[in-house]
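Q: So the sequence shown is numbered by numbering that gives the first Met the number 0: it starts at 0 and just counts up by one.
All C-beta atoms, glycine included, are put in the ideal place defined by N, C-alpha and C.
Source: prediction; values computed, not measured.
Sharing a structure, written as structure tokens. Questions coming.
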Amino acid sequence: MKTSGGSDAMKRRAGESAAEAVDDGDVVGLGTGSTAAHAIRAIGARVDAGLDVRGVATSFASRELAVAEGIPLLDLDEVTGPGAAGIDVAVDGADQVAGGDLIKGGGGAHAREKLVDSVAERFVVVADPSKEAAVLDRPVPMEVLPSARGVVADAVRAAGGEATLRRAERKDGPVVTDNGNLLLDCEFGEIPEPGALATTLAGTPGVLEHGLFVGLADEVHVGTAEGVRIREA
Ligand SMILES: O=C[C@H](O)[C@H](O)[C@H](O)COP(=O)(O)O
0 MKTSGGSDAM KRRAGESAAE AVDDGDVVGL GTGSTAAHAI RAIGARVDAG LDVRGVATSF
60 ASRELAVAEG IPLLDLDEVT GPGAAGIDVA VDGADQVAGG DLIKGGGGAH AREKLVDSVA
120 ERFVVVADPS KEAAVLDRPV PMEVLPSARG VVADAVRAAG GEATLRRAER KDGPVVTDNG
180 NLLLDCEFGE IPEPGALATT LAGTPGVLEH GLFVGLADEV HVGTAEGVRI REA
């Protein structure tokens, strides 16, 4: 699994804290990444102790971990649609957090994450202090159809950014997402109005999903050296 900066102990505290937000009977969105993995392990420990939940995975990696942890799983299409149970709470990490806005997709999972996180009744973000910022300024990952790579790179440039194809570390060629698409990491510098940029990126043909999560978070749990800071987003 991909790891990122920040102390693992801080990530674990955030994950364990968010796992406490899960109630008996809940359908739980299971995020992706090293911080969300701690939450999945903590939920797995609660399942071992008798908690009755169903998980909805956001990636191959989160599904694999949930299976190893003994968390029963449902597909997203089993819990969404008319009359379906829905998702009670989603727990997911972030590459950067500014207020209630996030950049996600460092692990390339943001398309499925956005589906799950956006429909959850309550979306709990887990992070360590290295993820916090006053203004979002990290590159924005974009999942694009393979043939749309050049079209989207041109549109990103027109929007004031610079797109870089994400390349694989242990194979020649690009990273291919769980959905069979490519990833562009798009540098925009500071993003003072993420809502406006999100609208522009979402309107670009060939973009499956961008990594700006604007106003979706309900709560942020930040693991620190001393404990956990919890705030409403
Ligand atoms: O695609 C990956 C996700 O958006 C992750 O939640 C994000 O990259 C944060 O991962 P980590 O907790 O490993 O920093």
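Does DSSP classify Thr-34 as helix, strand or coil?
A: Here residue 34 refers to the residue found at position 35 when the sequence shown is read from its first residue. Residue state, collapsed to three classes: helix.
Q: Are the segment 125–136 and the segment 30–38 touching by the rule of at least three beta carbon pairs closer than 8 Å?
A: Touching, yes, given that three or more Cβ pairs across the two stretches are closer than 8 Å.
Q: Helix, strand or coil for Phe-59, going by three-state DSSP, please let me know.
A: What you label residue 59 is simply residue 60 of the sequence shown in a count that begins at 1. In the structure shown, Phe-59 sits in a helix (DSSP, three-state: H, G or I).
Q: Would Lys-1 be called buried (16 or more neighbouring beta carbons within 10 Å of its own) or exposed?
A: Here residue 1 refers to the residue found at position 2 when the sequence shown is read from its first residue. Model confidence at Lys-1 stands at a pLDDT of 49, short of 50, so the residue's coordinates are unreliable; what they give is reported in the following sentence. The residue is exposed, with fewer than 16 neighbouring Cβ atoms inside 10 Å.
Q: Measure the CB-CB distance between Ser-16 and Ile-190 and report whether it falls below 8 Å.
A: The residue given as residue 16 occupies position 17 in the sequence shown. The residue given as residue 190 occupies position 191 in the sequence shown. No, these two residues do not count as a Cβ contact at 8 Å.
Q: Given Val-174, which residues of its chain have a CB within under 8 Å of its CB, disregarding the five upstream and five downstream residues?
A: Taking the first residue of the sequence shown as position 1, residue 174 is located at position 175. Contacts found: Gly-107, Arg-165, Arg-166, Ala-167, Leu-181, Leu-182.
Q: Using only alpha-carbon positions, find the residue among Gly-85, Pro-81, Val-227 that is nearest to Val-118.
A: Position 119 of the sequence shown, counted from the first residue, corresponds to residue 118. The candidate whose alpha carbon is nearest that of Val-118 is Gly-85.
Q: Which class does Asp-233 belong to by DSSP, given the choice of helix, strand or coil?
A: No statement about residue 233 is possible, as the shown extent of the chain runs from 0 to 232 and does not include it.
Q: Report the residue from Gly-82, Leu-75, Arg-121, Pro-138 whose alpha carbon sits nearest the alpha carbon of Leu-114.
A: Within the sequence shown, the letter at position 115 stands for residue 114. Checking every option, the nearest Cα to that of Leu-114 belongs to Leu-75.
Q: Where does Leu-73 sit, in a helix, a strand or coil, going by DSSP?
A: Here residue 73 refers to the residue found at position 74 of the sequence shown. Note: Leu-73 maps to coil in three-state DSSP.
Q: Given 7 Å as the limit, tell me if His-220 has its C-beta closer than that to any heavy atom belonging to ligand 1.
A: Taking the sequence shown and counting its residues from 1, the one referred to as residue 220 is at position 221. The answer is no for His-220.
Q: Which first and last residues belong to the alpha helix (DSSP H) in which Gly-98 is found?
A: Counting from one through the sequence shown, the residue named residue 98 turns up at place 99. That residue, Gly-98, is in no alpha helix (DSSP H); it is neither H nor E in DSSP.
Q: By DSSP, does Pro-191 sit in helix, in strand, or in coil?
A: Walking along the sequence shown from the start, residue 191 turns up at place 192. Note: Pro-191 maps to coil in three-state DSSP.
Q: Would you decide whether Phe-59 is buried or exposed? Buried here means 16 or more other CB atoms lie within 10 Å of its CB.
A: Counting from 1 along the sequence shown, the entry for residue 59 is found at position 60. When all chains shown are included, Phe-59 counts as exposed.
Q: In the structure shown, what three-state DSSP assignment does Val-221 receive?
A: Residue numbering aside, residue 221 sits at position 222 when the sequence shown is read from its first letter. If DSSP states are grouped into helix, strand and coil, Val-221 belongs with the strands.
Q: Please confirm if the segment 21–28 is in contact with the segment 93–110, defined as three or more CB-CB distances below 8 Å between the two stretches.
A: Because the criterion of three Cβ pairs below 8 Å is not met, the segment 21–28 and the segment 93–110 do not touch.
Q: My output table needs one value for Pro-81: the three-state DSSP class, helix, strand or coil.
A: Within the sequence shown, residue 81 is the residue found at index 82, counting from 1. Residue state, collapsed to three classes: coil.
Q: To the nearest angstrom, how far is the alpha carbon of Glu-63 from that of Gly-69?
A: As a working note, residue 63 is residue 64 in the sequence shown. As a working note, residue 69 is residue 70 in the sequence shown. The straight-line gap from Cα to Cα measures roughly 10 Å.
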